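Chemist:
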Amino acid sequence: MKISEIATPSFLLDLDQLEENINTIQQICTKNNKQLWPMLKTHKSTYIAKLQKDAGAAGFLVGTLDEAEALINAGFKDIMLAYPYMGDANINRVVTMASKINLICATDNIECAKAYSRAFSLAKIECKLLLIVDCGLHRFGVEPEKVVELATEISKLESINIVGISSHPGQVYGCSSPEGVPDVCIQEDSTMEKASKLLTDNGFNIDIVASGSTPTVETEAASKTITAVRPGNYVYYDAIQIGLGCATEKMCALTVVCTVISKNSNGYYLVDCGSKCLGLDKGAHGNSSIVGYGRVCEHPELTIDSLSEEVGKIKVNGETDIKIGDRIRIIPNHSCSTANLTSNLLGFRGDTIEKVIEVDIRENSKHIVL
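Dropping the structure here:
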């Protein structure tokens, strides 16, 4: 089937570009002798995860236990948890997974570590643990000056093996232009270097120094401190990445195709694509470079001014050649959240739909523990 024959709105995935994006970042990491642990939440697809693994990914970083369980069910053996977990139901799931695969947990507090210690001791298995360090996002993580104190407390617990440290420079998404990215990279690298050195100087063996984001990935790969690089968005890229200078329109593999269905009395064009396709995301950390609710491919004169659930309203800045009945493709502001709004992506090469790719791990988020 040709792209021109599909119903709109539809989620399109450029397979050639997807594969190029995956291979490019993998090659950067391999060249610098760094392990690549992609963040799964961007695509939530075992098909794409297998592409990443085949390209050389060492394992995967996950944002939910559902994602981890889905990867295990699909045969993946190396997983990092991004965050601490608490509560018996969640910790029992963590222990069960750790008994099956190489699972690396993470925490920034002694309470979680104690809970892990109790549960892993009962199961008679070891908990591999990363200590989360705050490199500037001020979400999870201890300051590097306090990491030795935390490590010392945790090292007294049974069944816990501190294997390294981790972080995420998510504050990079608050930059309003590409010029702000290098400062975030410097802050991230210096923080991780300081924390790693403090731990090593105090007798701790730090095998893993893990951190990452798509805008900072090349600096992380070149770092003398970071050993495991953990970007996620690079498989698709999006309008936020374009605004940060990390991608071009061509590099954006995920788009939404829609049809111009009307033009109102105020001169706005209406399309059959609203918030249930594109989302209302303008960046979780306040990216001021984003204008509108997506980027219309090859039409810089168009701004997606507002969205209702099923309809988008497009403002024309100057002149345009679009008309009612035309199809346009929109790059989402945030491809991670957009991909989570659909169960299937239409993978294409050229102008031909080649395969339907299931966003199968998204469905696993409906997992319920009774």
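Numbers 770 to 1139, taken from the numbering used here, label the letters of the sequence shown in order. Even glycine gets a Cβ: it sits at the ideal position worked out from N, Cα and C. Fair warning: this is a prediction, and the values are worked out from it, not measured in the lab.
(1) Using the beta-carbon count (16 or more within 10 Å), is Asp857 buried or exposed?
(2) Quick check on Pro951: buried or exposed, where buried means 16 or more other Cβ atoms within 10 Å of its Cβ?
(3) Determine the direct distance from the alpha carbon of Asp1120 to that of Ala888, and round the result to whole angstroms.
(4) Which residue or residues does DSSP assign as beta-bridge partners of Cys1027?
(5) By the three-class DSSP mapping on this structure, what secondary structure does Thr1107 have?
(6) List the DSSP bridge partners of Gln804.
(7) Exposed or buried, which one is Lys993 when buried takes at least 16 other CB atoms within 10 Å?
(8) Is Cys874 helix, strand or coil by DSSP?
(9) Taking the alpha-carbon positions, what's the Val986 to Ser1077 distance?
(10) With DSSP run on the structure shown, which of helix, strand or coil describes Ala843?
(11) Evaluate contact between the region 1097-1108 and the region 1057-1076, counting only Cβ atoms and requiring at least three cross-stretch pairs below 8 Å.
(12) Let me make sure I understand the geometry here. Which of Ile873, Leu926, Cys896 and His907 has the alpha-carbon closest to that of Ile879?
(13) Taking the continuous beta strand (DSSP E) assigned at Thr1072, which residues delimit it?
(14) Does the Cβ-Cβ distance between Pro807 and Ala837 come in under 9 Å?
(15) Ordered along the chain, which non-local residues of its own chain (more than five positions away) have a Cβ less than 7 Å from that of Val1128?
(16) Answer with buried or exposed for Asn802, where buried requires no fewer than 16 other C-beta atoms within 10 angstroms of its C-beta.
(17) Whose C-alpha, out of Gly949, Val932, Val941 and Leu891, is nearest the C-alpha of Ser965?
Modeler: In brief:
(1) So Asp857 counts as exposed.
(2) Exposed, because fewer than 16 other Cβ atoms sit within 10 Å of the Cβ of Pro951.
(3) Taking the straight line joining both Cα atoms gives about 53 Å.
(4) According to DSSP, Cys1027 bridges with Ile1097.
(5) Correct three-state label for Thr1107: helix.
(6) Residue pairing by DSSP puts Gln804 in a beta bridge opposite Ala997.
(7) Residue environment for Lys993: exposed (fewer than 16 other C-beta atoms within 10 angstroms of its C-beta).
(8) In this structure, Cys874 counts as strand in the three-state DSSP scheme.
(9) If I take the Cα positions, the gap works out to 35 Å.
(10) In this structure, DSSP gives Ala843 a state outside helix and strand, which the three-state scheme calls coil.
(11) With a cut-off of 8 Å, the region 1057-1076 and the region 1097-1108 count as touching, because enough Cβ pairs lie within range.
(12) If we check each option's Cα against that of Ile879, Leu926 comes out closest.
(13) Run containing Thr1072: Leu1071 to Leu1076, per the beta strand (DSSP E) assignment.
(14) Remark: C-beta atoms of Pro807 and Ala837 do not approach each other more closely than 9 Å.
(15) Within the same chain, and ignoring the five residues on either side of Val1128 in sequence, the residues whose Cβ sits closer than 7 Å to its Cβ are Lys813, Ser814, Ala1108, Thr1111, Ser1112, Asn1113 and Leu1114.
(16) By the Cβ-count criterion, Asn802 is exposed, with fewer than 16 other Cβ atoms from all chains shown falling within 10 Å of its own Cβ.
(17) Answer by Cα proximity: Val932.
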